[in-house]
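Engineer: Going by our numbering, 443 is the number at position 443 of the sequence shown; the sequence numbering is gapless.
Ideal Cβ placement from N, Cα and C applies to all residues, glycine included.
My structure is below; once you've seen it, I'll send some questions.
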Amino acid sequence: MVGYSLFQTSTLGMRSNTHALNTIGSNIANVNTGGFKRTDTRFETVLSQTLDKNMSDLGGVRPKDYYTMSQQGNITSSTRDLDLAIVGTGFFQLSNSLTDFNDENLFYTRDGSFQIVTTEDTDVLLDANGNSEVDASGAPIEVNHGYLADKNGYFLLGWVPETDGTFLETGTPAPMRIDSYAFATNFQETTLASLNLNLPSTAQITTDHAATVLAALSGSQSDDLETYTIDVVDSNGAKRAATLNFTKSATNQWEVSATTSRASTPQIDTLILQGTVEAGDTYSVTVNNSTVSYTTTGLEADMAAVRTALITAINADAVVGNRVTATAGVASGEINLTENVGTTTAQIDTITIAGSVEAGDQYTVSVDGITVTYTVTGAEANLGEIRDGLLAAISANTAASAVATAAAGTGAGEITLTAVTSGTAFTSTATANVTGATVDNSGSRTTTLENDDGTSLTTTATAANAGAVAQVDTVTLAGTVEAGDQYTATINGTTVTYTVTGGEVDIDAVRDALVTAINADSGVNAIAVAAAGAGTGEFTLTAIAAGNTLTTSVAAPTTGATVDNTATLVNTTAAVAVVNDNNVVAASNTNYQTTATQTLDFTALGELVGPAPVTRAFALAFDDGATVNVDIDMSNFTQYGNTFLPTNYESNGQAIATLGRVTFDSSGVVLGNFDDGTQRAIYKLPLTNFTNPNGLDMLNGMVFQTSADSGAPETFAADTSGLAAFTPYSLEKSNVDITDEFAKMIMVQNAYNSNATVFKTVDEMTMVARDLKA
Numbered sequence: 001m002v003g004y005s006l007f008q009t010s011t012l013g014m015r016s017n018t019h020a021l022n023t024i025g026s027n028i029a030n031v032n033t034g035g036f037k038r039t040d041t042r043f044e045t046v047l048s049q050t051l052d053k054n055m056s057d058l059g060g061v062r063p064k065d066y067y068t069m070s071q072q073g074n075i076t077s078s079t080r081d082l083d084l085a086i087v088g089t090g091f092f093q094l095s096n097s098l099t100d101f102n103d104e105n106l107f108y109t110r111d112g113s114f115q116i117v118t119t120e121d122t123d124v125l126l127d128a129n130g131n132s133e134v135d136a137s138g139a140p141i142e143v144n145h146g147y148l149a150d151k152n153g154y155f156l157l158g159w160v161p162e163t164d165g166t167f168l169e170t171g172t173p174a175p176m177r178i179d180s181y182a183f184a185t186n187f188q189e190t191t192l193a194s195l196n197l198n199l200p201s202t203a204q205i206t207t208d209h210a211a212t213v214l215a216a217l218s219g220s221q222s223d224d225l226e227t228y229t230i231d232v233v234d235s236n237g238a239k240r241a242a243t244l245n246f247t248k249s250a251t252n253q254w255e256v257s258a259t260t261s262r263a264s265t266p267q268i269d270t271l272i273l274q275g276t277v278e279a280g281d282t283y284s285v286t287v288n289n290s291t292v293s294y295t296t297t298g299l300e301a302d303m304a305a306v307r308t309a310l311i312t313a314i315n316a317d318a319v320v321g322n323r324v325t326a327t328a329g330v331a332s333g334e335i336n337l338t339e340n341v342g343t344t345t346a347q348i349d350t351i352t353i354a355g356s357v358e359a360g361d362q363y364t365v366s367v368d369g370i371t372v373t374y375t376v377t378g379a380e381a382n383l384g385e386i387r388d389g390l391l392a393a394i395s396a397n398t399a400a401s402a403v404a405t406a407a408a409g410t411g412a413g414e415i416t417l418t419a420v421t422s423g424t425a426f427t428s429t430a431t432a433n434v435t436g437a438t439v440d441n442s443g444s445r446t447t448t449l450e451n452d453d454g455t456s457l458t459t460t461a462t463a464a465n466a467g468a469v470a471q472v473d474t475v476t477l478a479g480t481v482e483a484g485d486q487y488t489a490t491i492n493g494t495t496v497t498y499t500v501t502g503g504e505v506d507i508d509a510v511r512d513a514l515v516t517a518i519n520a521d522s523g524v525n526a527i528a529v530a531a532a533g534a535g536t537g538e539f540t541l542t543a544i545a546a547g548n549t550l551t552t553s554v555a556a557p558t559t560g561a562t563v564d565n566t567a568t569l570v571n572t573t574a575a576v577a578v579v580n581d582n583n584v585v586a587a588s589n590t591n592y593q594t595t596a597t598q599t600l601d602f603t604a605l606g607e608l609v610g611p612a613p614v615t616r617a618f619a620l621a622f623d624d625g626a627t628v629n630v631d632i633d634m635s636n637f638t639q640y641g642n643t644f645l646p647t648n649y650e651s652n653g654q655a656i657a658t659l660g661r662v663t664f665d666s667s668g669v670v671l672g673n674f675d676d677g678t679q680r681a682i683y684k685l686p687l688t689n690f691t692n693p694n695g696l697d698m699l700n701g702m703v704f705q706t707s708a709d710s711g712a713p714e715t716f717a718a719d720t721s722g723l724a725a726f727t728p729y730s731l732e733k734s735n736v737d738i739t740d741e742f743a744k745m746i747m748v749q750n751a752y753n754s755n756a757t758v759f760k761t762v763d764e765m766t767m768v769a770r771d772l773k774a
């Protein structure tokens, strides 16, 4: 019947309003759901359109849903570190794969309630030295990877920082691993630093920076040394401490070096030679009671040359060179003595016997309590033969010879006992029992080389200053002794003259008279003394103060008949002036090392000299072999007042550390808080926008995917685009207005009821029409 088509309009109306009620119900149910986007249902008139594949021109309506993905939801505060809201345009980018980021694996959401999701990927847990951590059974401990993800378990994508800490916003976002050990092998070595401090202008001047630092490290406090400790990250990714040392070297000049740790094994002892290089100075080094010395010749160019000569002597010494290896340090007079681990020195004792050769006398030697005795037969020709008899007896004793090897010494009565096992000490004694008539027999022992078991190293050093030498000039007078002849000597500008009287018996008498005249002269006797020499007519002029120079000249004017008078001068001993400033600063077991000294110059106004930035490069080394090459910007150094005052230190570098809390900032940077107290930018969140975000396909779980209507995704950074911002510790809820939804519900309900009434009326009309026909 044609009348049945009258049901279409009301039926479509009821169906459309039912769909609208379902949409409203869904909106109301998700009013507090994070990232939910409201759907608005509207209606469109059906005119000559296909309905269930049949053509109809009878009219009616059908529902059409409009999505509101582009509309901002309500922002609510949160206390969770991993809650983040978007204010403005864009979506978080998600992936259901760790490696494949094709369109079918990518999702988008506005729900910023994130969590950590673990995967089956694992790493072996390592300790601070890079070794595997093990459980009670000895098996390596493995830890699962954890990634930032949404509530569906989809991985949140972000940018990884570049090596300089910045983010390349054109890069490809990737899943972000944030478990505790995510960065356990990641680090950045320190290369740049800056330090601001004031150096006191009133500080005392120090002549030897390296020695001052070494003395302070050995426990000798110095008011002239200022120090400041900086932190750096070494080449192994560990945070290390280095101490900057400052001493004032001139009125407006300072010297700086850096001290770091050095391995305690092998032991290293450090010496610094000081003083003026002069002939006759002696530098001595004693290692475990064995001494090596070097005496300067005066031909050494500088202290570095003296150091080189002493190093050569140490390394060439059979005992000391076996125990340590000497090398040059960074300072000009610095020597490092490095223990040769495992080397030992065999003890040597020297036995000396003495006395007359008489039958019955006994000589006894004890080695570790083992006694060997030799009795003199009287047939021995001398003490050497007695010594040989005692030597044979010791060698024949298997117990004694197992401890020490006996050998003839250099003297007639000497025997040396050398430990069989190097590094094992022994005791020995020597006695004599006298039975002969002459009671002069004796036995004695001395240790000529101490035992060294290689377990400890003791170093001392001394410097003996050479003594000053007094100048000696030798004058020789000659010629016929004649009245009126004159002999003169001029010493440092003062002239003394003796005129021959003719009563002198010979030239020696003339010499003695001139010596007396010189010693009586007040201008000369304060600086030199004259004395008769061994030769004829000879006398000496000796400087009273050793090291002072005499300027001497002599003359012999002749007035007698015989013109043969002469006076000659020879400098037989040159004056040697010395500076008693030689010294050795020694430090044992120096578990630290100091860089070469560098200079900082200031103006009279206390400002650092040099074009900015004023940097100093330090090549640091540490006890485990790790290194750091850091340039420290010192441009803001000043020299004012009497206070050493550091004000600021900053450096780059990130150490290996365990990740703790993870938070976000307003620019979308993912901040990691590590167990070393640092906070680092570990990732950055991009946002994705679309030409028509309302055309995205809505999926379960408040996520969306691209469609033909949405357009291609465009990724951008919120902080540089101006399109959006992030609000940490907040969540974007739905964009549903509950009041509006209830209003629409009433309206749709009324529309549904109206369509139901029409349907009922049509039904009644149809029934009446049916009955009329009947």
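Between the beta-carbon of Ala215 and the beta-carbon of Val609, is there less than 8 Å?
Structural biologist: Position 215 of the sequence shown, counted from the start, is the residue given in the question as residue 215. Position 609 of the sequence shown, counted from the start, is the residue given in the question as residue 609. Going by C-beta atoms, Ala215 is not nearer than 8 Å to Val609.
Engineer: Buried or exposed for Leu772, going by 16 or more other Cβ atoms inside 10 Å?
Structural biologist: Working through the sequence shown from its first residue, we reach residue 772 at position 772. So Leu772 ends up on the exposed side.
Engineer: What residue ranges within the region 53-124 form continuous beta strand (DSSP E) runs of no fewer than 3 residues, ordered along the chain?
Structural biologist: 54-56, 61-67, 75-77, 84-88, 92-95, 106-109, 115-124
Engineer: Who does Ala216 pair with in a DSSP beta bridge?
Structural biologist: The residue you call residue 216 lines up with position 216 of the sequence shown. Answer by DSSP bridge pairing: none, since Ala216 is not bridged.
Engineer: Around the C-beta of Gln347, are 16 or more other C-beta atoms found within 10 angstroms, so that it is buried, or is it exposed?
Structural biologist: Here residue 347 is taken as the residue at index 347 of the sequence shown, counted from 1. Counting Cβ neighbours within 10 Å, Gln347 comes out buried, since at least 16 surround it.
Engineer: Alpha carbons only, please: which of Thr202, Thr122, Ala430, Ser194 is nearest the one belonging to Ala612?
Structural biologist: Locating residue 612 in the sequence shown gives position 612, where the first residue counts as 1. For Ala612, the nearest C-alpha among the options comes from Ser194.
Engineer: So Ile348 is in the beta strand (DSSP E); what residue range does that whole segment cover?
Structural biologist: Working through the sequence shown from its first residue, we reach residue 348 at position 348. DSSP places Ile348 inside the beta strand (DSSP E), whose first and last residues are 348-354.
Engineer: Could you pull out every residue in the same chain whose Cβ sits closer than 7 Å to the Cβ of Ala577, ignoring the five residues on either side in sequence?
Structural biologist: Here residue 577 refers to the residue found at position 577 of the sequence shown. Within the same chain, Ala577 has close Cβ partners Ala468, Gly547.
Engineer: Specify, as a first and last residue, the run of the alpha helix (DSSP H) that Ser721 falls within.
Structural biologist: Indexing the sequence shown from 1 puts residue 721 at position 721. Taken as a continuous stretch (DSSP letters only), the alpha helix (DSSP H) holding Ser721 covers 718-721.
Engineer: Assign Thr11 to one of three DSSP states: helix, strand, or coil.
Structural biologist: Translated into the one-based positions of the sequence shown, residue 11 becomes position 11. Here Thr11 sits in helix by DSSP.
Engineer: With 16 as the cutoff for other CB atoms within 10 Å, does Thr603 come out buried or exposed?
Structural biologist: Counting from one through the sequence shown, the residue named residue 603 turns up at place 603. By the neighbour-count rule (16 or more Cβ atoms within 10 Å), Thr603 is not buried but exposed.
Engineer: In whole angstroms, what is the alpha-carbon distance linking Gly537 and Ala526?
Structural biologist: Taking the sequence shown and counting its residues from 1, the one referred to as residue 537 is at position 537. Taking the sequence shown and counting its residues from 1, the one referred to as residue 526 is at position 526. Going from the Cα of Gly537 to the Cα of Ala526 covers about 24 Å.
Engineer: Tell me whether Ala203 sits in a helix, a strand or coil according to DSSP, three-state version.
Structural biologist: Numbered from 1 along the sequence shown, position 203 holds the residue referred to as residue 203. DSSP places Ala203 in coil when its eight states are reduced to three.
Engineer: Assuming Val510 contacts Val481 under a Cβ cut-off of 8 Å, what Cβ separation, rounded to an integer in Å, is found between them?
Structural biologist: Residue 510 sits at position 510 when you count from the first residue of the sequence shown. Residue 481 sits at position 481 when you count from the first residue of the sequence shown. About 6 Å separates the two Cβ atoms, so the contact holds.
Engineer: Measure the C-alpha to C-alpha separation of Lys760 and Ser16 and round it to an integer number of angstroms.
Structural biologist: In the sequence shown, residue 760 corresponds to position 760, counting from 1. In the sequence shown, residue 16 corresponds to position 16, counting from 1. Lys760 and Ser16: Cα-Cα distance of roughly 17 Å.
Engineer: Starting from Arg616, trace the beta strand (DSSP E) in both directions and tell me its first and last residue.
Structural biologist: For the purposes of this step, residue 616 is taken as the residue at position 616 of the sequence shown. 615-621 is the span of the beta strand (DSSP E), which, as asked, contains Arg616.
Engineer: Judging by CA-CA distance, which residue of Leu569, Leu605, Gly423 is the nearest neighbour of Thr488?
Structural biologist: The residue you call residue 488 lines up with position 488 of the sequence shown. Nearest option by C-alpha distance: Leu569.
Engineer: Can you tell me the Cβ-Cβ gap for Leu192 and Asp601, rounded? I've got them flagged as a contact below 8 Å.
Structural biologist: Looking up residue 192 in the sequence shown gives position 192. Looking up residue 601 in the sequence shown gives position 601. With a Cβ gap of about 22 Å, Leu192 and Asp601 do not count as contacting.
Engineer: Compute the beta-carbon to beta-carbon distance between Asp452 and Gly423, rounded to the nearest angstrom, for a pair I have assumed lies under 8 Å.
Structural biologist: By 1-based counting over the sequence shown, the position of residue 452 is 452. By 1-based counting over the sequence shown, the position of residue 423 is 423. Confirmed, Cβ separation roughly 7 Å.
Engineer: So Val285 packs on Leu310, CB below 8 Å; how close in whole Å?
Structural biologist: On the sequence shown, position 285 is the one that residue 285 refers to. On the sequence shown, position 310 is the one that residue 310 refers to. The Cβ separation is near 7 Å, so the contact holds.
Engineer: Name the one or two DSSP bridge partners that Gln654 has.
Structural biologist: For the purposes of this step, residue 654 is taken as residue 654 along the sequence shown, with counting starting at 1. Answer is Gln188.
Engineer: Could you check how far apart the C-beta atoms of Leu449 and Val319 are, in whole angstroms? I think they sit under 8 Å.
Structural biologist: Working through the sequence shown from its first residue, we reach residue 449 at position 449. Working through the sequence shown from its first residue, we reach residue 319 at position 319. About 7 Å; that satisfies the 8 Å criterion.
Engineer: For Arg42, count the other beta carbons within 10 Å of its own beta carbon; 16 or more makes it buried, fewer makes it exposed. Which is it?
Structural biologist: What you label residue 42 is simply residue 42 of the sequence shown in a count that begins at 1. Answer is exposed; the Cβ neighbour count stays below 16.
Engineer: Can you give me the Cβ contacts of Thr118 inside the same chain, cut-off strictly under 6 Å, excluding the 5 residues immediately before and after it?
Structural biologist: In the sequence shown, counting from the first residue as 1, residue 118 sits at position 118. Result list for Thr118: Asn144, Gly146, in chain order.
Engineer: Let me confirm a value: Ala149 is counted as buried when at least 16 other C-beta atoms fall within 10 Å, else exposed. Which label applies?
Structural biologist: Translated into positions along the sequence shown, residue 149 becomes position 149. Result: buried.
Engineer: CA-CA distance, Ser635 and Leu671?
Structural biologist: Reading the sequence shown from its first residue, position 635 is the one you call residue 635. Reading the sequence shown from its first residue, position 671 is the one you call residue 671. Each residue's Cα considered, the two are about 31 Å apart.
Engineer: With C-beta atoms as the reference, is Pro713 less than 8 Å away from Asp665?
Structural biologist: For the purposes of this step, residue 713 is taken as the residue at position 713 of the sequence shown. For the purposes of this step, residue 665 is taken as the residue at position 665 of the sequence shown. Not a contact, by the Cβ cut-off of 8 Å.
Engineer: Please identify the residue among Tyr498, Tyr228, Ile544, Asp624 whose C-alpha is closest to the C-alpha of Arg262.
Structural biologist: By one-based count along the sequence shown, residue 262 stands at place 262. The residue with the shortest Cα to Cα distance from Arg262 is Asp624.
Engineer: Helix, strand or coil for Tyr752, going by three-state DSSP, please let me know.
Structural biologist: For the purposes of this step, residue 752 is taken as the residue at position 752 of the sequence shown. Residue state, collapsed to three classes: helix.
Engineer: Ordered along the chain, which non-local residues of its own chain (more than five positions away) have a Cβ less than 7 Å from that of Phe622?
Structural biologist: The residue labelled residue 622 in the question sits at position 622 within the sequence shown. Asp234, Arg240, Thr260, Ser261, listed in sequence order.
Engineer: Go through the region 236-315 residue by residue and report every complete run of the alpha helix (DSSP H) that reaches 4 residues or more, in order.
Structural biologist: none
Engineer: Suppose only complete runs of 3+ residues qualify. What are the beta strand (DSSP E) ranges in the region 345-423, listed by chain order?
Structural biologist: 348-354, 362-367, 370-375, 404-408, 414-419
Engineer: Kindly give me the distance between the Cβ atoms of Ile335 and Arg307, rounded to whole angstroms, as I take these residues to be in contact under 8 Å.
Structural biologist: Locating residue 335 in the sequence shown gives position 335, where the first residue counts as 1. Locating residue 307 in the sequence shown gives position 307, where the first residue counts as 1. Going by Cβ atoms, the distance from Ile335 to Arg307 rounds to 6 Å, so yes, they are a contact pair.
Engineer: For Asn315 and Ala326, which I take to be in contact (beta-carbon distance under 8 Å), what is that distance rounded to the nearest angstrom?
Structural biologist: Your numbering for residue 315 matches position 315 in the sequence shown. Your numbering for residue 326 matches position 326 in the sequence shown. About 5 Å; that satisfies the 8 Å criterion.
Engineer: Please classify Val768 as buried or exposed, where buried requires at least 16 other C-beta atoms within 10 Å of its C-beta.
Structural biologist: The count along the sequence shown starts at 1 and reaches residue 768 at position 768. It counts as exposed.
Engineer: Quick one: any contact between the region 427-438 and the region 356-363, if contact means 3 or more CB pairs under 8 Å?
Structural biologist: yes
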